[in-house]
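Chains as they are written, first to last, in this note's numbering: chain A, -12 to 192; chain B, -12 to 192; chain C, -12 to 192. C-beta atoms are modelled at their ideal positions from N, C-alpha and C, and glycine is treated no differently. All values derive from a computational prediction rather than experimental measurement. One structure is given below, encoded as C-alpha cells.
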Amino acid sequence: MGLRFRPVETTFYDQFTQAAQHLVVGAGLLAEMLAEGADEEAIAQRMRDAEHQADETTHAIVKLVNSTFVTPFDREDIYSLASGLDDVMDMMDEVVDMVLLYEPKMLPAALLDQVELLQRCAELTAAVMPRLRSMQSLGEYWIEINRLENAGDRNHRRIIANLFSGEFKAMEVLKLKDIAEALEGSIDAFEKVANIVEQIAVKES
Amino acid sequence: MGLRFRPVETTFYDQFTQAAQHLVVGAGLLAEMLAEGADEEAIAQRMRDAEHQADETTHAIVKLVNSTFVTPFDREDIYSLASGLDDVMDMMDEVVDMVLLYEPKMLPAALLDQVELLQRCAELTAAVMPRLRSMQSLGEYWIEINRLENAGDRNHRRIIANLFSGEFKAMEVLKLKDIAEALEGSIDAFEKVANIVEQIAVKES
Amino acid sequence: MGLRFRPVETTFYDQFTQAAQHLVVGAGLLAEMLAEGADEEAIAQRMRDAEHQADETTHAIVKLVNSTFVTPFDREDIYSLASGLDDVMDMMDEVVDMVLLYEPKMLPAALLDQVELLQRCAELTAAVMPRLRSMQSLGEYWIEINRLENAGDRNHRRIIANLFSGEFKAMEVLKLKDIAEALEGSIDAFEKVANIVEQIAVKES
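Spelled out as C-alpha cells, the structure:
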C-alpha cells in the first residue's frame, strides 16, 4: 500500500469549511444565549472558546497562503474570504458579550427571529464551502443569503420602530438597539462573505 | 440599409447611466418624503418600486459581466461599481422607511439641506457615467462629490449637536439621529462610488 | 561631487511615513483635547490644521501614483494605503469635533485609555512605513496592532456597559456613546491600515 498525499488545494477547502463550521457553532451559542433562563456566564465562555478556535483556523489559512506556491484562487481572495468569515464570528461574539454586559431587562421575541436567520446563514455558508472547488451551484447560495439578508433587514427596521414606540425606557431602548444592530451586522457580515464568494466565482469563470 | 449592432461595451455604459438615473429618482422621492404634508405611504411605495428597478439594473449588469468575454474594464471593478450604486439606493430607501416607521414628531430643517446635497450628488453621478467611456473630465466630478461630502459631514455634526442640545425628548433624539445618520450614510455612499470611479481611472490610465 | 538623484520609489516611502506621522500628531492632539482643563477651541483648530496637512500628503501620494510609470507596488494598493491612513485622521478629527460640539459634562477616564491605545497605534504605524521598502519585520507590527485593537474592543464594551448602568442621564449617554464609538472606530481604522499592509506583503512576497 502506497502513501497517499493530501494536496494543498484540498487543505484550503477543508479549512474554509472548518471556518464556516465554527460559525454554525457560534450561531447556535447565540441562540442558547437569547433563550429563556440561559446560563449567560457559561455560554459566554463557550462563545469565547469558539471565537478563539475560529481565530486559529483563520491564522492557519493565512499561514498556508503564505507558504504555498500555487493557490486554488488568488491570494488576496483567499485572504479576504478568511477575514470575511472571521468577521462574522467576531460580530456574533460581540452580541453575546452585549447581552452579558448590558443586562437588558427583557429581550423582544423578534430578536430570536434574527438569530434563526443567522443560524440558517451559517448552515448555508458551511454547505457552500466545499463547493468552492468545483465553483458549481453557487448561485442558489447567493440568492438564498440575499433573501435572508433582506428578511433580516425588514425585521430589523420593525424591531427598531417597536423600540421607539414609547413602550420602553430610554436606557433599555439604547441597550436593545445596540444588540439588534449587532445582530443585523452579523447577518450583513454573512452577505459580505457571499459577495466575496461571488467575486471569486466571477474572476475564476 | 444594413443592420447596426450595438456593441456590448456601449451597453455597459448605458446600464451604469441607468443605475445612476435610478438614484436621481430616489433622491427626488426622498425630498418629497421630507416635505411638509407628504403622503408618506404613497411615496414609500414609489420608493420601493424605484429600489426594485435599481435592483434589476444591478442584476442586468452582473449578468452582462458574466456572459461577456471582453469587458470595458476589469470585471471586479464593474461588479464593485454596480454594487456601489446599488448601495446608495438601499440607503436612501432606508431613510424613507425610517421616516414612515418611526413617525418623528417633526423633522429639523437641516435634514432638508442633506437631501439637497444628495440630489446634487445623484445628478453629478448620473452625468459622469457616460464619461466613463472616454475617462475624460472625471477630476471635476471627484472634487465636487468630495466637496459635497465634506459639506454634508459638517451639516451632520451640527445636526447631531443640535439634537443633543436638550431641546428634544430622548426618544425623539434617537429617531432623528437614526434618520440623520442614514442621510449622511447615503452621501458617504455617493463618495464611495466616486472613489471606485477614481480607482478605475487610475487603473486604466 | 556628482548630483544625487532621489528615486521615485524613495519618495513613496517618505510620503507614507509623512502620512503616518500626521497621525502621531493627531493622536497627540486628541490626548490634549481630552485632558482636564483643555483649551478646546485652540486644540480643535490645531486638529483642523493637522487634518488639512494630512489631506495634502494624501493628494501628493495620489498625484505621484498618477504621474509615475513604475510604482513600488500595485497602484491600487498605494491608493488604498493612502486612503486608509487618511481615514484614521478623519476619524480622530471627528472625535475632537464631537468633544467641542457636544459639550459633554464629563469624560469617563476609560476614554483616556482608548486615546493611549490610539497614540501607540500611531507610533507603530509611523515606525513601520519605512520598512515597507524591505517588507521585513512586518509581522510584529500586525500582531501588536491586532493586540491593541483587541484591547480597545474590550475597553469599548466596558465603557458602553458603564454608560448603560443607570449612572448617567440619557442625553449624556448619547453624547459619550458617540464619542466612545468614534474612538473605537479610529482604532479599527488603524487595524484596517495594518490589514492593507498585510495584503500588500502577501501580494509582493
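Report yes or no: do three or more beta-carbon pairs, one from the region 135 to 150 of chain C and one from the region 70 to 80 of chain C, lie closer than 8 Å? no
Same chain only: Cβ atoms within 6 Å of C:M198, ignoring 5 sequence neighbours per side: Nothing about residue 198 of chain C can be reported from this structure: the residues present for chain C run from -12 to 192 only.
With distances taken between CB atoms, is the gap from A:R107 to A:L135 smaller than 8 Å? yes
At a cut-off of 7 Å, would you count C:L119 as near the ligand NAP, judging by its Cβ distance to the nearest heavy atom? This structure lacks the ligand NAP, and indeed carries no ligand of any kind.
Within 10 angstroms of its Cβ, does A:P196 collect 16 or more other Cβ (buried), or is it exposed? Because chain A is modelled from -12 through 192, residue 196 of chain A falls outside the range shown and cannot be assessed.
Whose C-alpha, out of C:G126, C:V57 and C:R145, is nearest the C-alpha of C:I183? C:G126
Please report whether the beta-carbon of A:D175 lies at a distance below 8 Å from any beta-carbon of chain C. no
Does B:S54 come out as helix, strand or coil in the three-state DSSP assignment? helix
Which of helix, strand or coil does DSSP assign to B:P59? coil
Below-8 Å beta-carbon distance, B:R144 vs any chain C residue: yes
What residues from chain B crowd round C:D84, counting only those whose CB sits closer than 8 Å? R144
With a CB to CB cut of under 6 Å and the five nearest residues on each side skipped, what residues in its chain are close to A:A14? L105, Q106 and A109
Am I right that A:D280 and A:I187 are in contact with their C-beta atoms under 8 Å? What's the rounded C-beta distance? Lying before the first or after the last residue shown, residue 280 of chain A is absent from chain A, which here runs from -12 to 192.
Could you name the residues of the region 159 to 170 of chain B whose beta carbon sits closer than 8 Å to any beta carbon of chain A, in the order they occur along the chain? L161, K162 and D165
Proximity below 8 Å, CB of B:T45 to CB of B:A69: yes
Against C:A157, what residues of chain A qualify as contacts under a CB-to-CB distance less than 7 Å, listed in chain order? A157 and M158
With burial defined as no fewer than 16 other Cβ atoms inside 10 Å of the residue's Cβ, what is the status of A:T(-3): buried or exposed? exposed
Contacts around A:V115, its chain only, beta-carbon distance under 6 Å, and the 5 residues preceding and following it disregarded: Y128
Rounded to a whole number of angstroms, what is the C-alpha to C-alpha distance between C:R241 and C:S124? It is not possible to answer for residue 241 of chain C, since the shown part of chain C is limited to -12 through 192.
Measure the alpha-carbon distance for B:Q101 versus A:A47 and round it to whole angstroms. 46 Å
When burial is assigned at 16 or more other CB atoms within 10 Å of the CB, is A:A201 buried or exposed? For chain A, the structure presents residues -12 to 192; residue 201 of chain A sits outside this window and is missing.
Proximal chain A residues relative to C:K190, where beta-carbon distance stays under 7 Å: R62 and E63
Could you work out which residue in A:A181, A:E185, A:R141 and A:E154 is closest to A:A167 when comparing CA atoms only? A:R141
Measuring alpha carbon to alpha carbon, tell me which of A:L98, A:L72 and A:K190 ends up nearest A:R145. A:L98
Cβ-based neighbour list, A:E185, same chain, cut-off 8 Å, excluding 5 preceding and 5 following: L125 and W129
Quick one, which residues of the region 41 to 55 of chain A are near chain C if we go by CB-CB under 9 Å, in chain order? V49, V52 and N53
Please check if any C-beta of chain B sits within less than 8 Å of the C-beta of C:L88. yes
With DSSP run on the structure shown, which of helix, strand or coil describes B:M(-12)? Note on B:M(-12): pLDDT 47, under 50, position unreliable in the model; the coordinate value appears next. Coil, per DSSP.
What is the C-beta distance between B:K162 and B:Y89, in whole angstroms, given that I count them as a contact (C-beta under 8 Å)? 4 Å
To the nearest angstrom, how far is it from the Cα of B:D26 to the Cα of B:H9? 21 Å
Enclosing alpha helix (DSSP H) for C:Q101 [first to last residue]: A97 to V115
If the cut is a Cβ gap below 7 Å, which residues of chain C does A:Y66 touch? Q186 and V189
Assuming A:K179 and A:G71 form a contact by the criterion Cβ under 8 Å, report the distance between their Cβ atoms to the nearest whole angstrom. 5 Å
Can you name the start and end residues of the alpha helix (DSSP H) that A:F177 belongs to? A157 to E191
C:H39 to A:L21, Cα distance in whole Å? 47 Å
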